[in-house]
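Numbering follows UniProt numbering, in which position 200 of the sequence shown is assigned residue number 200; successive positions increment by one, without gaps.
Don't be surprised by glycine CBs; every beta carbon is placed ideally from N, CA and C.
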Amino acid sequence: MLDKFREAKQLEIDSLRKDFMEGRVPAAYQGERPSFVEAIRAKGPGAVIAEFKPASPSKGILRENLNPLDYADMYADNGAAAISVLTEHKYFKGTPDFLFMMNQPGIPLLRKDFIFDPLQVAMTASSPASAVLLIARMCDNATHLSQLIEIARMPGLAPVVEIFDQADLDMAREAGADIIQVNNRNLDTLEISLDQARNFIAQKREDELWICASGISERKQVTEMAQLGYDAVLIGTCLMETDDPAAKLAELTGAK
1 MLDKFREAKQ LEIDSLRKDF MEGRVPAAYQ GERPSFVEAI RAKGPGAVIA
51 EFKPASPSKG ILRENLNPLD YADMYADNGA AAISVLTEHK YFKGTPDFLF
101 MMNQPGIPLL RKDFIFDPLQ VAMTASSPAS AVLLIARMCD NATHLSQLIE
151 IARMPGLAPV VEIFDQADLD MAREAGADII QVNNRNLDTL EISLDQARNF
201 IAQKREDELW ICASGISERK QVTEMAQLGY DAVLIGTCLM ETDDPAAKLA
251 ELTGAK
């Protein structure tokens, strides 16, 4: 699955490289970039990162005619610690423009995309994002991942490294990651099991921030992950599919 995502990003990377060779390097964002880690710590354990994604590869279009600005306000008003913003276009119908459209409430934005080239990180730094998702297994090795982590940290982006198995976690740590996102989806079968999160949390270290992603749709699951030691949970699909995302998020965060 990740191979098709890598292929989908190649045109974007080729364009970024052409711009770079011609001297068009995106300048770092000069506005406020609120701390992703501090926002999670303030509402954790079990802080909710609410995700905005118009579509998904497994379910297609999740909702039609979405207004990113409305969702940003709604998420901020109902207890979200941060917002995960899908910027991949082909499979998720996202765009990097969402990062500029959704920063008004002032809570941290996590850019979620398939990022494996340094220029993609530089482009992220030119936006109001506070964090960037790096999927460990999309990198060639720990050195490659470490390079992306260091480039992200220079302008103040928090690098969130996503893992699916033990080899991913080992690579993340070798690369110097300190924010680990455990994805509960099996990439081969696309099945989701919270047992993935339950099993991995035993390896959490004191100086690390851990996020549980995929499969959370009920308050009791948020509470369980918090009790296990997850600093945050990332919730997307159930918020995008419900008719009342504000009420659903308030339920998940315990805001109401």
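- Between residue 88 and residue 79, the CB-CB gap reaches or exceeds 8 Å.
- Under the three-state reduction of DSSP, residue 27 is assigned to coil, being neither helix nor strand.
- Residue 239 holds the alpha-carbon nearest to the alpha-carbon of residue 214 among 239, 20 and 228.
- Distance from residue 231 to residue 40 at the Cβ level is roughly 5 Å; contact confirmed, criterion being Cβ atoms closer than 8 Å.
- Contact check between the region 11-30 and the region 47-57: fewer than three CB pairs, one atom from each, fall below 8 Å, which does not count as touching.
- Distances from the CA of residue 154 to each of 119, 125 and 1 were compared; the closest alpha carbon is that of 125.
- Residue 176 places its beta carbon less than 8 Å from that of residue 146.
- With a beta-carbon spacing of about 7 Å, residue 211 and residue 160 fall inside the 8 Å limit used to define contacts.
- Contact check for residue 134 and residue 112: beta-carbon distance about 10 Å, past the 8 Å limit, so the pair fails to qualify.
- In this structure, DSSP gives residue 104 a state outside helix and strand, which the three-state scheme calls coil.
- DSSP places residue 139 in the coil class of the three-state scheme, outside both helix and strand.
- Judged by DSSP in its simplified three-state form, residue 18 adopts helix.
- If you draw a straight line from the Cα of residue 8 to the Cα of residue 237, it comes to about 22 Å.
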